[in-house]
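Colleague: So our numbering is basically just the index in the sequence shown, starting at one, shifted up by 5.
All C-beta atoms in this analysis are idealised placements derived from N, C-alpha and C, irrespective of residue type, glycine included.
Just so it is clear, the structure is predicted and the values come from calculations on it, not from any experiment.
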Amino acid sequence: MVMLILNLEIEYKRIKFNGDYIDIYKPKVNGYYPFVIFSGGMNSPSSRYESLGKFLASNGFITIIPDYKGWLFLLLIPSKIIKIIDNLNKIDSSIKNEGCLGGHSLGAYFSMIISYKRSSIKCLFLFSPPALFLNYSKINVPVLIFAGTNDEITKFEFNQKIIYEHLKTQKKLVLIKGGNHNGYMDRWDFVEAITDGYLGIEHNKQLQIVKDSVLKFLREVLK
Numbered sequence: 006m007v008m009l010i011l012n013l014e015i016e017y018k019r020i021k022f023n024g025d026y027i028d029i030y031k032p033k034v035n036g037y038y039p040f041v042i043f044s045g046g047m048n049s050p051s052s053r054y055e056s057l058g059k060f061l062a063s064n065g066f067i068t069i070i071p072d073y074k075g076w077l078f079l080l081l082i083p084s085k086i087i088k089i090i091d092n093l094n095k096i097d098s099s100i101k102n103e104g105c106l107g108g109h110s111l112g113a114y115f116s117m118i119i120s121y122k123r124s125s126i127k128c129l130f131l132f133s134p135p136a137l138f139l140n141y142s143k144i145n146v147p148v149l150i151f152a153g154t155n156d157e158i159t160k161f162e163f164n165q166k167i168i169y170e171h172l173k174t175q176k177k178l179v180l181i182k183g184g185n186h187n188g189y190m191d192r193w194d195f196v197e198a199i200t201d202g203y204l205g206i207e208h209n210k211q212l213q214i215v216k217d218s219v220l221k222f223l224r225e226v227l228k
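#1: Going by alpha carbons, who is nearest to N35 out of I20, L9, N145 and A62?
#2: Is the number of C-beta pairs between the segment 169-187 and the segment 143-156 that are closer than 8 Å three or more?
#3: If you pair each beta-carbon of the segment 120-128 with each one of the segment 154-165, do three or more pairs fall below 8 Å?
#4: Is the separation between the beta-carbon of Y141 and that of K173 shorter than 8 Å?
#5: Hey, how far is the Cα of K160 from the Cα of I168?
#6: On the DSSP letters alone, give me the boundaries of the alpha helix (DSSP H) that L79 sits inside.
#7: State whether the segment 33-47 contacts the segment 112-119, with contact taken as three or more CB pairs (one from each stretch) at a distance under 8 Å.
#8: In whole angstroms, what separates the C-alpha of N23 from that of L13?
#9: Counting only the same chain and skipping the five closest in sequence on each side, list residues whose C-beta sits under 7 Å from that of L137.
#10: In the segment 28-95, which residue ranges form an unbroken alpha helix (DSSP H) of at least 4 residues, counting only runs that do not cross its ends?
#11: When the Cα atoms are used, what is the spatial distance from P83 to K18?
#12: Does the beta carbon of K88 sit closer than 8 Å to a beta carbon anywhere in chain B?
#13: Hey, would you say L227 sits closer than 8 Å to M8, going by beta carbons?
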């Protein structure tokens, strides 16, 4: 069955909230839409996830990507995400009170540790999460995990595999052959760009697998 891609017209805004900038991608069509709050990898600018934000917004999800930077503030990020969740209607009045958390690498870890703290969080999707979290039994929402066989930063056997095996909730693992740790982001630095595809899957192919899988997952959970 071919998945329907809505391709709605979208709008983008960047606002300052709670001392940080956040990027918001949303459908232009009036209505109420579920939220996706996505936390990027450590010190990765929010702009590197622009195509994901646009894609999800064009398919009916208001996507919020905080632009958190700085090593000193890492421990504050979970509380900052909760602050966003608690103020969604103030951030944008067309956001439904239900949605999903997503994250890449350390951002995926932060999404895990707050996933059970608000009832409006209905699911999790995680890009190459590290196995730092210990209370997996607390997570009771559906979880979609992505891993890459060429990921040398959070190796599958010692991270995503462990997380998947310890989760007691509804779960799915997408293991991308040749996938790498930074293949979830938009085009990255020059060296990575010119070697794209030589050390694994082509960047655009990895991104497309991820986008399609996330959209299918969101539609299944947030019916």
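Modeller: In short, the structure shows the following:
#1: By 1-based counting over the sequence shown, the position of residue 35 is 30. With distances taken between Cα atoms, N35 lies closest to A62.
#2: yes
#3: no
#4: If you number the sequence shown from 1, residue 141 lands on position 136. If you number the sequence shown from 1, residue 173 lands on position 168. Closer than 8 Å, so yes.
#5: Here residue 160 refers to the residue found at position 155 when the sequence shown is read from its first residue. Here residue 168 refers to the residue found at position 163 when the sequence shown is read from its first residue. Each residue's Cα considered, the two are about 12 Å apart.
#6: The residue you call residue 79 lines up with position 74 of the sequence shown. Premise fails: L79 is in no alpha helix (DSSP H) and is neither H nor E.
#7: yes
#8: As a working mapping, residue 23 is identified with position 18 in the sequence shown. As a working mapping, residue 13 is identified with position 8 in the sequence shown. Spanning the two alpha carbons is a distance of roughly 30 Å.
#9: For the purposes of this step, residue 137 is identified with residue 132 of the sequence shown, where counting begins at 1. Here the set comprises Y114.
#10: 55-62 and 82-91
#11: Your numbering for residue 83 matches position 78 in the sequence shown. Your numbering for residue 18 matches position 13 in the sequence shown. If you take the alpha carbons of P83 and K18, they lie about 23 Å apart.
#12: Structure shown: chain B not included; a single protein chain is present.
#13: As a working mapping, residue 227 is identified with position 222 in the sequence shown. As a working mapping, residue 8 is identified with position 3 in the sequence shown. Taking 8 Å as the Cβ cut-off, L227 and M8 do not qualify as a contacting pair.
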